[in-house]
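Visitor: Can you keep this structure in mind? I'll have questions shortly.
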Amino acid sequence: MNIFGWLTDPINWSGSGGIPAQIGYHLLYCFLALAIALAIGVPLGILIGYTGKGETVVAGMANALRALPTLGLLVMLFLIISPVVAGKLVYVVPTIIVLVLLAVPPILSGTYAGIQNADPDAVGAAQGMGFTKRQTLLRVQLPCALPLMISGVRSSTLQIVSTATVAAYLGLQGLGRFIIDGRAQANFAEMIGGSIVVAILALILELSFGALGRIIVSPGLRRVSGKSSSPLATAGAT
Amino acid sequence: MNWISSNIDRIVALTASHIWLTLAPTVLGLLLALPLGWWAHRSGRGYAAIVGAAGLLYTIPSLALFIILPVILGTKILDPVNIIVALTLYTLALLVRVVADGLSSVPHDTVAAAEAMGYRNWQRLLLVELPVAVPVIAAGLRVAVVSNVSIVTMAALLGIPQLGSLFTQGFQLRLYVPLVTGVVLCVVLAVVFDGLIIWLNKLLTPWRQRTVTS
Numbered sequence: 001m002n003i004f005g006w007l008t009d010p011i012n013w014s015g016s017g018g019i020p021a022q023i024g025y026h027l028l029y030c031f032l033a034l035a036i037a038l039a040i041g042v043p044l045g046i047l048i049g050y051t052g053k054g055e056t057v058v059a060g061m062a063n064a065l066r067a068l069p070t071l072g073l074l075v076m077l078f079l080i081i082s083p084v085v086a087g088k089l090v091y092v093v094p095t096i097i098v099l100v101l102l103a104v105p106p107i108l109s110g111t112y113a114g115i116q117n118a119d120p121d122a123v124g125a126a127q128g129m130g131f132t133k134r135q136t137l138l139r140v141q142l143p144c145a146l147p148l149m150i151s152g153v154r155s156s157t158l159q160i161v162s163t164a165t166v167a168a169y170l171g172l173q174g175l176g177r178f179i180i181d182g183r184a185q186a187n188f189a190e191m192i193g194g195s196i197v198v199a200i201l202a203l204i205l206e207l208s209f210g211a212l213g214r215i216i217v218s219p220g221l222r223r224v225s226g227k228s229s230s231p232l233a234t235a236g237a238t
Numbered sequence: 001m002n003w004i005s006s007n008i009d010r011i012v013a014l015t016a017s018h019i020w021l022t023l024a025p026t027v028l029g030l031l032l033a034l035p036l037g038w039w040a041h042r043s044g045r046g047y048a049a050i051v052g053a054a055g056l057l058y059t060i061p062s063l064a065l066f067i068i069l070p071v072i073l074g075t076k077i078l079d080p081v082n083i084i085v086a087l088t089l090y091t092l093a094l095l096v097r098v099v100a101d102g103l104s105s106v107p108h109d110t111v112a113a114a115e116a117m118g119y120r121n122w123q124r125l126l127l128v129e130l131p132v133a134v135p136v137i138a139a140g141l142r143v144a145v146v147s148n149v150s151i152v153t154m155a156a157l158l159g160i161p162q163l164g165s166l167f168t169q170g171f172q173l174r175l176y177v178p179l180v181t182g183v184v185l186c187v188v189l190a191v192v193f194d195g196l197i198i199w200l201n202k203l204l205t206p207w208r209q210r211t212v213t214s
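Those sequence lines, one after another, are chains A and B.
Position 115 (the first sequence) corresponds to 115 in our numbering; numbering is contiguous.
Position 51 (the second sequence) corresponds to 51 in our numbering; numbering is contiguous.
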């Protein structure tokens with residue numbers, strides 16, 4: 001079992017099934033799912049945070065979704081949707097739907113919690129300065145919500161990266177291929193090598209979110225952002 | 001439904017194995033998180049280091065961790081021990097911060113009162129601080145156990161038998177019955193373990209008249 005040999009073999013670094021190609025597929029699926037999840041989660045989160053309605057429903061759904069096993073959900077949706085879609089998309093469409101489904105709750109709860117926890121003094125000051133509701137939302141509440149929103153997007157991303165790996169079982173391209181194909185051929189070096197690449201990819205994404213937070217969050221908010229984000233609010237099974 | 005009755009023995013065995021693979025790491029993770037969380041609570045530098053390391057560990061996808069661990073542990077790649085170690089690490093990563101935050105949430109007056117009553121450090125920790133922190137720790141434990149029920153199913157992709165094996169079987173045979181059976185049993189397990197922790201929490205904190213459970 002030569003893991004280093006597998007990781008450094010030039011054959012594994014070229015071609016349509018090589019490591020770079022599979023990283024590309026993996027990132028493509030992840031970004032696609034994340035983009036859709038953001039398009040759904042952020043506006044809905046703003047609406048809930050702003051109106052205060054639907055909070056309990058969303059929290060309940062997020063908890064229920066955590067109890068549902070990801071792999072079971074993935075296989076079930078695949079069996080339901082795959083007869084409907086044809087051709088190459090048969091693997092991609094059901095997987096993307098599951099990825100989006102898992103990614104929306106953390107983004108949603110991060111957004112509405114962020115807006116609700118925006119410093120009331122800052123909101124009051126904005127209103128006192130004559131900001132309209134729209135201006136208050138865009139210039140005060142949303143920037144204040146950023147730390148929690150980023151932490152939600154981060155959990156979503158890690159969930160997506162992890163689940164996209166598992167989806168290789170259904171036939172999806174991406175880094176999970178090395179694990180599933182390696183298992184099928186009892187090629188442990190390939191399984192371990194692929195796992196190491198996935199783990200590194202996840203760690204790089206995690207660290208870039210930390211850096212992103214430092215760049216786009218207002219300096220005035222940074223002191224509080226560390227303590228205020230509850231590890232439980234957005235934690236999920238990966 | 002015929003499928004269920006003719007496979008009942010296997011379903012029971014898979015459920016038993018699932019319960020073991022979920023509960024063993026949850027309990028182990030909690031037992032490790034208590035001293036580590038206490039240490040993180042006591043030393044500021046320890047808190048930053050432990051919370052940082054725990055966060056990074058939590059980012060590693062479970063399927064990848066199941067496969068990388070045997071390289072570090074020297075176990076066989078398809079050994080169920082890897083699943084238990086991996087989930088223990090996830091539970092520990094989640095709970096160590098919860099325990100530290102829980103201990104920090106104990107009101108200063110309570111600690112001062114215990115000190116004034118002549119409690120030694122370890123007595124104060126075991127008899128006062130830890131019991132007062134129980135609700136916070138229980139909330140973290142609920143998240144951990146429910147997540148673990150779900151993560152265990154991933155081990156089916158490596159061929160380690162538990163309820164996730166019903167998912168792979170459902171996929172291979174294109175059959176809904178094993179699949180739905182597996183999903184329902186997983187959700188039932190999650191709900192039962194969750195309820196168990198809520199009950200234990202109430203039992204351990206009789207002084208709290210009305211326990212906020214969610």
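A virtual CB, placed ideally from N, CA and C, is assigned to each residue, including glycine.
Since the model is a prediction, treat every value here as computed from it, not as a measurement.
In terms of alpha-carbon separation, which member of A:Ala103, A:Gly174, A:Gln116 and A:Ile179 lies closest to A:Ala39?
Guide: Against the first sequence, residue 39 of chain A aligns to sequence position 39. Of the candidates A:Ala103, A:Gly174, A:Gln116 and A:Ile179, the one whose C-alpha sits nearest the C-alpha of A:Ala39 is A:Ala103.
Visitor: For the region 154-181 of chain B, which residues have a beta carbon sitting closer than 9 Å to at least one beta carbon of chain A?
Guide: Cβ contacts with chain A: Met154, Ala156, Leu157, Leu158, Gly159, Leu163, Gly164, Leu166, Phe167, Thr168, Gly170, Phe171, Arg174, Leu175, Tyr176, Leu179 and Val180.
Visitor: For A:Val84, report the span of its alpha helix (DSSP H) as first-last.
Guide: Counting from 1 along the first sequence, the entry for residue 84 of chain A is found at position 84. First-last for A:Val84: undefined, no H or E at that position.
Visitor: Within its chain, find whatever has a CB closer than 6 Å to the CB of B:Leu226; leave out the 5 residues flanking it on each side and keep chain order.
Guide: In the structure displayed, chain B extends from 1 to 214; residue 226 of chain B sits before or after that span and is not available.
Visitor: Let me know the alpha helix (DSSP H) ranges lying completely inside the region 54-126 of chain A, each 4 residues or longer, listed in chain order.
Guide: Listed in chain order, the complete alpha helix (DSSP H) runs (minimum 4 residues) inside the region 54-126 of chain A are 55-67, 70-81 and 89-116.
Visitor: Taking the alpha helix (DSSP H) that B:Gly12 falls in, what are its first and last residues?
Guide: As a first step, residue 12 of chain B must be located in the second sequence, where it is residue number 12. The residue asked about is misnamed: residue 12 of chain B is Val in this sequence, not Gly. Its alpha helix (DSSP H) spans residues Ile8 to Arg42.
Visitor: Using 8 Å as the threshold, is the region 167-187 of chain A in touch with the region 152-163 of chain B, meaning 3 or more CB pairs across them?
Guide: Taking 8 Å as the limit for Cβ pairs, the verdict is that the region 152-163 of chain B does touch the region 167-187 of chain A.
Visitor: Pick from A:Ala122, A:Ala64, A:Leu207 and A:Leu28: whose alpha carbon is nearest that of A:Leu101?
Guide: For the purposes of this step, residue 101 of chain A is taken as residue 101 along the first sequence, with counting starting at 1. Of the listed residues, the one whose Cα sits closest to A:Leu101 is A:Ala64.
Visitor: Less than 8 Å between the CB atoms is what I'm expecting for B:Leu163 and B:Leu185, so what's the real figure, rounded?
Guide: Translated into the one-based positions of the second sequence, residue 163 of chain B becomes position 163. Translated into the one-based positions of the second sequence, residue 185 of chain B becomes position 185. Yes, B:Leu163 and B:Leu185 are in contact; Cβ-Cβ is about 5 Å, under 8 Å.
Visitor: Would you mind sorting B:Val109 into buried or exposed? The rule is 16 or more other CB atoms within 10 Å of its CB.
Guide: Residue numbering aside, residue 109 of chain B sits at position 109 when the second sequence is read from its first letter. At residue 109 of chain B the sequence reads Asp, which differs from the Val that was named. By the neighbour-count rule (16 or more Cβ atoms within 10 Å), B:Asp109 is not buried but exposed.
Visitor: Does DSSP put A:Gln173 in a helix, a strand or coil?
Guide: For the purposes of this step, residue 173 of chain A is taken as residue 173 along the first sequence, with counting starting at 1. Three-state result, A:Gln173: coil.
Visitor: Provide the residue span of the alpha helix (DSSP H) that contains B:Trp207, from first to last.
Guide: For the purposes of this step, residue 207 of chain B is taken as residue 207 along the second sequence, with counting starting at 1. Premise fails: B:Trp207 is in no alpha helix (DSSP H) and is neither H nor E.
Visitor: Residues of chain B with CB under 7 Å from A:Tyr169, in chain order?
Guide: Residue 169 of chain A sits at position 169 when you count from the first residue of the first sequence. Leu157, listed in chain order.
Visitor: According to DSSP, is A:Pro20 helix, strand or coil?
Guide: Reading the first sequence from its first residue, position 20 is the one you call residue 20 of chain A. Helix.
Visitor: What residue from A:Ile150, A:Asn117, A:Gly54 and A:Gly49 has the CA that sits closest to A:Ala211's CA?
Guide: Numbered from its first residue, the first sequence carries residue 211 of chain A at position 211. Nearest of A:Ile150, A:Asn117, A:Gly54 and A:Gly49 to A:Ala211, Cα basis: A:Ile150.
Visitor: May I ask you to report which of helix, strand or coil DSSP gives A:Thr192?
Guide: By 1-based counting over the first sequence, the position of residue 192 of chain A is 192. Looking at the sequence shown, residue 192 of chain A is not Thr but Ile. Helix.
Visitor: Report yes if the C-beta distance between A:Leu74 and A:Val140 is below 8 Å; otherwise report no.
Guide: The count along the first sequence starts at 1 and reaches residue 74 of chain A at position 74. The count along the first sequence starts at 1 and reaches residue 140 of chain A at position 140. Cβ distance not < 8 Å, so A:Leu74 and A:Val140 don't count as in contact.
Visitor: Quick check: the Cα distance between A:Gly18 and B:Val136, rounded to an integer number of angstroms?
Guide: As a first step, residue 18 of chain A must be located in the first sequence, where it is residue number 18. As a first step, residue 136 of chain B must be located in the second sequence, where it is residue number 136. If I take the Cα positions, the gap works out to 46 Å.
Visitor: Quick one: does A:Ser151 have its CB under 8 Å from some CB of chain B?
Guide: Counting from 1 along the first sequence, the entry for residue 151 of chain A is found at position 151. Judged by the 8 Å Cβ criterion, A:Ser151 is not in contact with chain B.
Visitor: Contact between the region 35-54 of chain B and the region 115-123 of chain B: three or more CB pairs below 8 Å?
Guide: As far as the Cβ criterion goes, the region 35-54 of chain B does not touch the region 115-123 of chain B, which means the pair count is below three.
Visitor: Do we get a CB-CB distance below 8 Å when we pair B:Ser190 with the residues of chain A?
Guide: Within the second sequence, the letter at position 190 stands for residue 190 of chain B. Per the sequence shown, the amino acid found at residue 190 of chain B is Ala instead of Ser. Cβ-Cβ to chain A under 8 Å: yes for B:Ala190.
Visitor: If you follow the alpha helix (DSSP H) that B:Tyr90 is in, where does it begin and where does it stop?
Guide: Translated into positions along the second sequence, residue 90 of chain B becomes position 90. That run of the alpha helix (DSSP H) goes Pro80 to Ser104.
Visitor: Please say whether A:Thr163 and A:Thr250 have beta carbons closer to each other than 8 Å?
Guide: An answer regarding residue 250 of chain A cannot be provided, because it is not within the stretch 1 to 238 covered by chain A.
Visitor: Using a Cβ cut-off of 7 Å, pull out every chain B residue sitting near A:Ser162, in sequence order please.
Guide: In the first sequence, counting from the first residue as 1, residue 162 of chain A sits at position 162. Here the neighbours are Pro61 and Ser62.
Visitor: To which residues of the same chain is B:Ile50 closer than 6 Å at the C-beta, ignoring the five residues directly before and after it?
Guide: Within the second sequence, residue 50 of chain B is the residue found at index 50, counting from 1. Closer than 6 Å at the Cβ level, and outside the excluded window around B:Ile50, lie Ala40 and Val96.
Visitor: Report the rounded CA-to-CA distance for A:Leu239 versus B:Asn7, giving the unit in angstroms.
Guide: In the structure displayed, chain A extends from 1 to 238; residue 239 of chain A sits before or after that span and is not available.
Visitor: Of the choices B:Thr59, B:Tyr58 and B:Ala86, whose alpha-carbon is the least far from that of B:Val71?
Guide: Start at 1 with the first residue of the second sequence, and residue 71 of chain B comes out as number 71. The shortest C-alpha separation from B:Val71 is found at B:Ala86.
Visitor: Got a sec? Which residues, its chain only, sit under 6 Å from B:Thr138 by beta carbon, not counting five neighbours each side?
Guide: For the purposes of this step, residue 138 of chain B is taken as the residue at position 138 of the second sequence. First, the amino acid is wrong: residue 138 of chain B is Ala here, not Thr. Once the five neighbours on either side are set aside, the close Cβ partners of B:Ala138 are Ile197 and Asn201.
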